[in-house]
Every structure is written in C-alpha cells, then in structure tokens.
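Student: Would you mind keeping the following structure in view while I ask a few things?
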Ligand code: FES
Ligand code: FES
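Chains as they are written, first to last, in the numbering used here: chain A, 78 to 234; chain B, 594 to 1383.
This is the structure:
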C-alpha cells in the first residue's frame, strides 16, 4: 500500500506491506533508528513518537495508519543546534542512564507538558506510566520533567 | 552545551554526562541499528515444552518458504553446534552437562533452542519457523528444586543420573556456638527468581569483513573482551581473527554478562554462509531465553545470647541453576557466600549450598549476584532475632556490628573489610528518616488499632565490589582473572585518548573516566575521549560487572595517567633544560620549581614527542602509557537504608511511604552518577520485594512471559527517594573509591520486607514471601490470625 508521511519535517512516499508497524517502517524503511523497540506487547513505551502532535506507541500503530500524517521522532525534536527544553532538562537532571527508554520518555514528556504545563509529581508519574525505564528508578526522570516544565515557562506545583 | 571544567577539581563534581547528547538526539548506535548489505536474519524455533524428547526434527519445509536461504537443526549444524561455556566449575566434582547451542535429542526448558531459519528479512525468517516439523515425546518436568533432589525425580540430564549440580561447604563450628546460645531463630526465606529485563533486547550481528580473515561481531553485551576469548574457544576461530564490539548497549544488570548460544550461532552461521547474519530478540524471547537471576531457598539459623550478642550463623541453600550452566551460573551463590555475616561480629559461620538442575531457564548474574540474596537473609534474620529477644532492631544491630575503630576487620567468613563507618551512615539515615517520629506514629497506630499499620524496615548492609584479586578468583576455581587495563595516549594536538577495558552500558564511564584522567593530567574533560567496548580499539579488558569498573578500572586509569606524567616529565625537563627532579607538574603544566614562569604545558610536550625533533637521549617518540592493575583486595561499600511501609491490614495493600538511604561508597568521582546508580538499584531491589517474581506452572510453563505479566515497576509504582552519602575512603584502592553499581539493589529488598513484617508483627506475622502483592500479604495476615505464623 502506498503511504505519504511527513517525518521530522521531510515528506516520505513509500510502499509498505499492510502489516508493517509504524516503528518498523521508521527504523527499517527510512532509517529513523533513533526510535527503538523494547517489547512486543505495547508495554514499554520505548517506541513513542508524536503523531500529529500527540504521543503514540509506534509499535501499536500500522504504518498505513500514519498515511497523510506528520510524525515527530526524537531525531526531529530539536533543529540543529538548539536543544528542546525537554532534552536539556533530561541532561541537566541526569534523567537517563543507558538511554534506551529515553527517546520514548522524551517524546511522552513533550506530549505531557503540552497537555499540562504545570504538572504535580503525581501527575508526572501518572503521565509517564506507559514508559518503562529499568535504569533510573524514575526519580531523576520525574525531576527532569519538572525542570523541563520550568524551562518551558510553566512551573510544577 | 560544552561546559568548561576546572580540571583540578574535575574529580568529585557532578559533571553532566558526555554520553547524553547522542542519547537525547537519537544518534545512538544500538546493535539493532546495524544493517549491512546482504544480511541474513536469523529466527529461532524455541521449545514450547519444559522437558521433552525430540523424536523427529525436519527443517526442510522452512527452505521452501519465501526469502528463506537456509535452515539448521543440530544435525544440519554438525560440528558448528558449539557448546555454551561455563567458566566457574566451583567444585572438583561439579556436574557439568553439555549445553549445545541447538538442542540435541532433548529440550530442557521452555525457550530452549531447537532450530534456526535464515532469511533475507526478519519477518520471513520468523514466518518460516512454522514450516519446521518437530515431534516431541513429553517428559515429566522437573520444576521445583526440592522435588528435583528427591527420590524418584526425573533427571534434567539423563546421562548425569542426578539433579544435584554441586554441594559447596564453608566454615564449621556453628553447632558449638549454638550449644552456648540462649536463643536460636530459624527461618526459611524464598529469594524468588527474577528477570533482568534490561530495556534494550539483545541483538547480535556477525559479519566476515573481507579484511584478512576477520569476523566482526557486534553484540549487545557487557563483556566484549571476555566474549571474544570464549567465542574463540567455542568456535575454534582463531582469537586474532575475531573482533567483538559492544556498540551502545541499553542496560545489562548482569543479564548481558554472558556468552549466549545466540551469539555462538550467529557467529558460526556468518562464518559458514560467508555473509552477515543478524538476530534481534523479541521481548517474549528475552523472557524465556535471557538468563534469570536469584532463585534460592534459604534456610537460615542464627544463635545469640539473651543479651543479644550474636554467636553464630548457619546458612543452608538450595540454588536453582536452571536447565544448564551458563557463564558463572554455579558461582553466583558463592559470591554471596562470604557476605552472609554482613556487618556483624560473631564466632561461627557454617555455609552449605546445593546447586540444583531444573527444567527452567538457566540462572546467572543479576544485579548484585549472590549479595542481594545474602543481604536479604542476614538483614531479615536479624530483625527476627530482635523480635525474639524483644529488642529494638537497630539497637541489636549496633550491639553487634563492627565499630569504625575496629577496621580493618577480618570477618567470620574470612574476608578483611578495610574500612567502614556504620555509625556515621546510620546516624545520618536516622536523622533524614525522622526515625523517632515514625516510631512514635507507629505506636499510636498500634494503640488505636488503625487498619493501616506502619512498619519501619531497616537494612544495614555491606557488600563486596570489584571482582576481584585474580589470585582469589583462582582459589575459587574461577577460570579468569580480575585485573583491568588502561592505555592513555597523548595526541600531538594535546587531545587525549583513554582506552579502557571496562564496557559501559549506562554507567557513564565516558564522563567519569575523563574526570579521573583530567584531574591527574590537567587536560579538560572535553578533550579526553574514552575508547571502550571494541576489542579492535581496546584490546585488553575484563569488562563491566560486579561493580568492578571504577573499583578496578579506575585504578588502572590512575596508574596509566601517573605513568604518562612521569614519561612526559623527562621530555619537559629536557625542553626546560633542567633536571627531572627540579620539575613539578601543576594543573597540566610542567614547571621549574621556584621559577613558575619557566613552564611547558603537557600539550607542548606531546607535540615534541610527536615531532621527535628534540628528545632527550634514549627517549622514544610518541607519548603514551599503559597499566594493568590487579586489585589488592575487594572493596566494601556499606550503608543504612530505612523504609516506612504502610500496610492495610484489611486488604493486604502495601504502600512505600518514605525511603531513606545513606550509602558509603568511598570517594566519589561524580556524585550525580553515584546518586543515579543508587536510584536505579533501589528500584530493582524494591521491585523484588513488591512486584517482580517469575512464575512457572507445574509443567514448567513460564507464566510471566511478557512485560504484560511480569511486573516491572512504572513511575507510578515507586516514590522519590531520599538519598545521601558518607565518605569513608577505601584503603585498598588508590583512589579511595569502592563501587556503587549494585548497592541499591542489594540493600533495599530487606529494608522493604522488614518494614512490612514490622507493620504486621503485632498480628503475629513473622514473614511475608516476596513479592509482597496484596493477596500474599493478606494471606500472611489470615494465616497468623488462624494461629500458625507464615
Ligand atoms: S516497543 Fe514497547 S511499547 Fe512499543
Ligand atoms: S535509561 Fe536505561 S532504560 Fe531508562
């Protein structure tokens, strides 16, 4: 099937098998390997991207479902030199160790803060429930999200 | 985002990590990102049965499927079917069964490998597995350890005629100590099986490179160096023709400390087929095929006087090996063996461990490897002893622990702890926790019969890091050494290459190692490149596990850097026309003593060494130094962890309200990284207490075979932690460092469980099995009410 998807600002035209998952098309079809796969049951959130601005687990979306849409991955979040505040905050607060959950965590955080610019700790934890991290114990991820909110002009309660 | 760091103080600062820029922009090189032209993708047919005879295997159907190039069972693979190695035969008479990469005749656990298919894409390789014909004759599954070693059990390995892998004894004298005791407390603890569940699934790519006879293997491993040696031994490929690279690796926790059968298969098939072969595991495969951890039944007995003086400890273990022995499977319980006495003084210690084969996934190292099990046992039994004696549990600990002025102290298990200050760490933890306030609240809730009771869990732990002096490992029959290597090269432009044999997978070595070198060489952190995890670029190393990277690798960095300075000093003296003795090295510059104007920066010396135009007689061009360090001894981090647990006595629901820990990991290179390591360890240790646990049914089927069934905690399941440190430098390590990778995971599990039991003790509960799910806690309460303590 033919699809036409804008990924990180570039328009891609492609033919895909109907069963191809969005994450596999991103990784293997167009080389967007910044987005990763951590499970086969839609539990880990490592594959999270923005689809028309909202976060989705790209392993639970078919590539054909993204036809006509715009996808933002971790690789398209900052433009060149300027880091996205969420990226800055994760570095500043040591919100990552191995970094495998990070693409998903960062994209989920971007969505979370666009919905709720002033989240409480409880709201942050709830908002990231679909993203698993095995390294950080979440403590510094929560701090990173709160700091990102601050950088983006909100403030955490 | 470049930070300018004052090199003199690079050590000990919370410098933000160099690694993060690439990780935060998706510019990472995970093994699964590697796509070489002509790659064949491997899919694996795994056993759906725990124990069965393979009466027929026919892979020919798969060959007719689209895009399939080859398919192999053990018969087709022939002598390329290498055996998975075990490097730790712990006793002379250990039973070591064959462990072929593809099962021969019999399958021994769910997930055992039977056949492989290679296709030009991964989807078709997986599809073709269905065309493989296998007939099984089911055999009785040996699932529990106790039934495995009882009369009449089926054997996991028929030719061995036993399910006992080994029996290991240490110590003696407990019975005499117990004869003098006023109180003896016995408990059986179940240290349940866990799954490492690193977030990056395993992946291997092997490719003949067409450069000489080199085969390069990229693999998601913690141990590229050790793996290269083992793959050479297993496959017969000359070691010099193998290059093993661990690209960015997404977590390991011991689970990637292995020479996996999939690594052997991919390597052998790339060699046989002459083209790149790749395998990426699915998460469901990971759950059955990556080694598991823990899984011990612990019978613990402690003897004491009525005043609470500990006299002796007796530990009797059943340790589940699973179906086969992997790299250090039999040795994991022995890594805990020395630590059962913990921080306490006592006269006698008896240890006995029986390793048992079962039809389950093989076990091996998981964060802490043996020490979480021992720490759990001692810290739980100390609380039980306190209850028996009617003593405050912290007071009982204080009465028996090694006092700070008593170090170095040789424990009853024979280890010499170099330093420690349990008093200081405990005092700080009690203060941060508001121990007295929470005890008062506990008393109130008890008095008022509040349905939600409060418990306070204590864990005053120590552990051993930095596996280990090579001679000690040799004495324990471990087949490798415990040294680490570092080479430092000063480039003509003043930049530095630091080549380490450690192999990070989230620990931030690139940053921390730069800090150590920076503080010695006076070169900015950002001008130091840390090269690691590639046997082609860093030829010597023993890799990363057992909290050894800083404890051992850090020493090698210091030694190499010191040597480099001494070499450079000779050249600088020549350039400055004075004697070597008159040169001092300050902040990256060689200065003539008493005449600081006459100076030569290290970079200028490097350029001189490069041109070779004006070197002193006998000095060779180029400037580099190397060091291989075998540690003098283990290091012994310690700390005090406190957990406030709210337990709803009506529903069994448990809530971790507050967690405080004060760790003493010695001198810290980067406190931000230290804190992060503690957090991650806490999460895993707390998860063992509250959430995680592998469940097999009686037929050996894994019931927790996906992330939907195996409860990895999410952000909702954990609180923020209150952490602090005290600093008692290690005296056996030149930097004063100890190691921090596993401390949190080791200490936290008993803190949580002691808290839960403490909350329920007035109800008669004296143990709760892990994980403490509401139903489990509720049952323990009901059992206690019915009169029989759990
Ligand atoms: S890969 Fe795990 S949720 Fe998508
Ligand atoms: S940083 Fe490793 S899984 Fe989150």
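For each residue, glycine too, the CB sits at the ideal point set by N, CA and C.
Report the three-state DSSP secondary structure of residue 1267 of chain B (helix, strand or coil).
Tutor: Helix, per DSSP.
Student: Under the three-state reduction of DSSP, which class applies to residue 1121 of chain B: helix, strand or coil?
Tutor: In this structure, residue 1121 of chain B counts as strand in the three-state DSSP scheme.
Student: For ligand 2, I want to know if residue 937 of chain B counts as a neighbour, meaning its beta carbon is within less than 6 Å of at least one of the ligand's heavy atoms.
Tutor: No, since every heavy atom of ligand 2 falls outside the 6 Å radius drawn around the Cβ of residue 937 of chain B.
Student: Using three-state DSSP, classify residue 1076 of chain B as helix, strand or coil.
Tutor: If DSSP states are grouped into helix, strand and coil, residue 1076 of chain B belongs with coil.
Student: Do we get a CB-CB distance below 7 Å when we pair residue 885 of chain B with the residues of chain A?
Tutor: By this cut-off, residue 885 of chain B is not an interface position.
Student: Looking at chain A, is there any beta carbon in it that lies within less than 7 Å of the beta carbon of residue 626 of chain B?
Tutor: Interface residue, yes.
Student: What residue range is occupied by the uninterrupted alpha helix (DSSP H) comprising residue 626 of chain B?
Tutor: From DSSP, residue 626 of chain B is part of no alpha helix (DSSP H); its letter is neither H nor E.
Student: In this structure, does DSSP put residue 184 of chain A in helix, strand or coil?
Tutor: Of the three classes helix, strand and coil, the one that applies to residue 184 of chain A here is helix, per DSSP.
Student: Output needed for residue 1178 of chain B: all residues of its chain with C-beta closer than 7 Å, excluding positions within five of it in sequence on either side, in chain order.
Tutor: Contacts found: 1158, 1162.
Student: With distances taken between CB atoms, is the gap from residue 83 of chain A to residue 147 of chain A smaller than 7 Å?
Tutor: For residue 83 of chain A and residue 147 of chain A, yes; Cβs fall inside 7 Å.
Student: List the residues of chain B that residue 183 of chain A touches, going by C-beta distances under 8 Å, in chain order.
Tutor: Those are 617, listed as they occur along chain B.
Student: Between residue 985 of chain B and residue 1047 of chain B, what straight-line distance do the alpha-carbon atoms span, to the nearest angstrom?
Tutor: The straight-line gap from Cα to Cα measures roughly 16 Å.
Student: From residue 607 of chain B to residue 1261 of chain B, what does the alpha carbon distance come to, in whole angstroms?
Tutor: One C-alpha to the other measures close to 10 Å.
Student: Under 8 Å by Cβ, that's how I've got residue 923 of chain B and residue 682 of chain B pegged, so tell me the actual separation to the nearest angstrom.
Tutor: The Cβ separation is near 7 Å, so the contact holds.
Student: What does residue 168 of chain A touch in chain B if you count any residue whose Cβ is under 8 Å from its own?
Tutor: Simply 594, 609, 610, 613, 614, 617.
Student: Does the beta carbon of residue 229 of chain A fall short of 6 Å from some heavy atom of ligand 2?
Tutor: For ligand 2, not one heavy atom lies less than 6 Å from the Cβ of residue 229 of chain A.
Student: When you compare only the Cα positions, how much space is there between residue 1020 of chain B and residue 934 of chain B?
Tutor: If I take the Cα positions, the gap works out to 22 Å.
Student: Output the distance between the C-alpha atoms of residue 1214 of chain B and residue 824 of chain B, rounded to the nearest integer angstrom.
Tutor: Cα to Cα, the separation comes out at about 37 Å.
Student: Using a Cβ-Cβ cut-off of 7 Å (strictly less than) and excluding sequence neighbours within five positions of residue 1181 of chain B, which residues of its own chain qualify?
Tutor: Excluding residues within five positions, the ones whose Cβ falls inside 7 Å are 600, 1114, 1115, 1116, 1194, 1195.
Student: How far does the alpha helix (DSSP H) with residue 1196 of chain B in it reach, from first residue to last?
Tutor: Where residue 1196 of chain B is concerned, the enclosing alpha helix (DSSP H) stretches over 1195–1204.
Student: Tell me whether residue 1112 of chain B is buried or exposed, calling it buried when 16 or more other Cβ atoms sit within 10 Å of its Cβ.
Tutor: With 16 or more Cβ atoms within 10 Å of its Cβ, residue 1112 of chain B is classed as buried.
Student: Compare the Cα-Cα distances from residue 734 of chain B to each of B:954, B:929, B:673 and report the closest residue.
Tutor: Per the Cα distances, B:954.
Student: Exposed or buried, what is residue 1051 of chain B when buried is set at 16 or more other beta-carbons lying within 10 Å of its beta-carbon?
Tutor: With 16 or more other Cβ atoms within 10 Å, it is buried.
Student: What is the rounded straight-line gap between the Cα of residue 707 of chain B and the Cα of residue 736 of chain B?
Tutor: The straight-line gap from Cα to Cα measures roughly 20 Å.
Student: Looking only at C-alpha atoms, which of A:159, A:197, A:211, A:224 sits nearest to residue 179 of chain A?
Tutor: The candidate whose alpha carbon is nearest that of residue 179 of chain A is A:211.
Student: Can you give me the C-alpha to C-alpha distance between residue 882 of chain B and residue 776 of chain B, rounded to a whole angstrom?
Tutor: Rounded to whole angstroms, residue 882 of chain B to residue 776 of chain B spans 45 Å at the Cα level.
Student: Is the beta carbon of residue 121 of chain A within less than 6 Å of some heavy atom of ligand 1?
Tutor: Under cutoff, so the answer is yes.
Student: For residue 165 of chain A, does the count of other Cβ atoms within 10 angstroms reach 16, so buried, or fall short, so exposed?
Tutor: Its Cβ being crowded by 16 or more others within 10 Å, residue 165 of chain A is buried.
Student: For the candidate residues B:1242, B:1246, B:1226, B:1253, whose alpha-carbon lies nearest to that of residue 1236 of chain B?
Tutor: Measuring from the Cα of residue 1236 of chain B, the nearest candidate turns out to be B:1253.
Student: Using CA atoms only, rank isn't needed, just tell me which of A:220, A:149, A:202 is closest to residue 64 of chain A.
Tutor: The question about residue 64 of chain A has no answer here: the residues shown for chain A are numbered 78 through 234.
Student: Using the rule of at least 16 other Cβ atoms within 10 Å of the residue's Cβ for burial, across every protein chain shown, is residue 1306 of chain B buried or exposed?
Tutor: So residue 1306 of chain B counts as buried.
Student: List in chain order: all unbroken beta strand (DSSP E) runs of 3+ residues lying wholly within the stretch 912–940 of chain B.
Tutor: Qualifying beta strand (DSSP E) stretches: none in this window.
Student: Quick one: is residue 802 of chain B buried, meaning 16 or more other Cβ sit within 10 Å of its Cβ, or exposed?
Tutor: By the neighbour-count rule (16 or more Cβ atoms within 10 Å), residue 802 of chain B is not buried but exposed.
Student: Do you know how far the Cα of residue 1316 of chain B is from the Cα of residue 1339 of chain B?
Tutor: If you take the alpha carbons of residue 1339 of chain B and residue 1316 of chain B, they lie about 15 Å apart.
Student: Just checking residue 210 of chain A against ligand 1 - is the residue's beta carbon closer than 6 Å to any of the ligand's heavy atoms?
Tutor: No, the Cβ of residue 210 of chain A stays beyond 6 Å of every heavy atom of ligand 1.
Student: Is it true that the CB of residue 1273 of chain B sits closer than 7 Å to the CB of residue 186 of chain A?
Tutor: Their beta carbons are not under 7 Å apart, which means residue 186 of chain A does not touch residue 1273 of chain B by this criterion.
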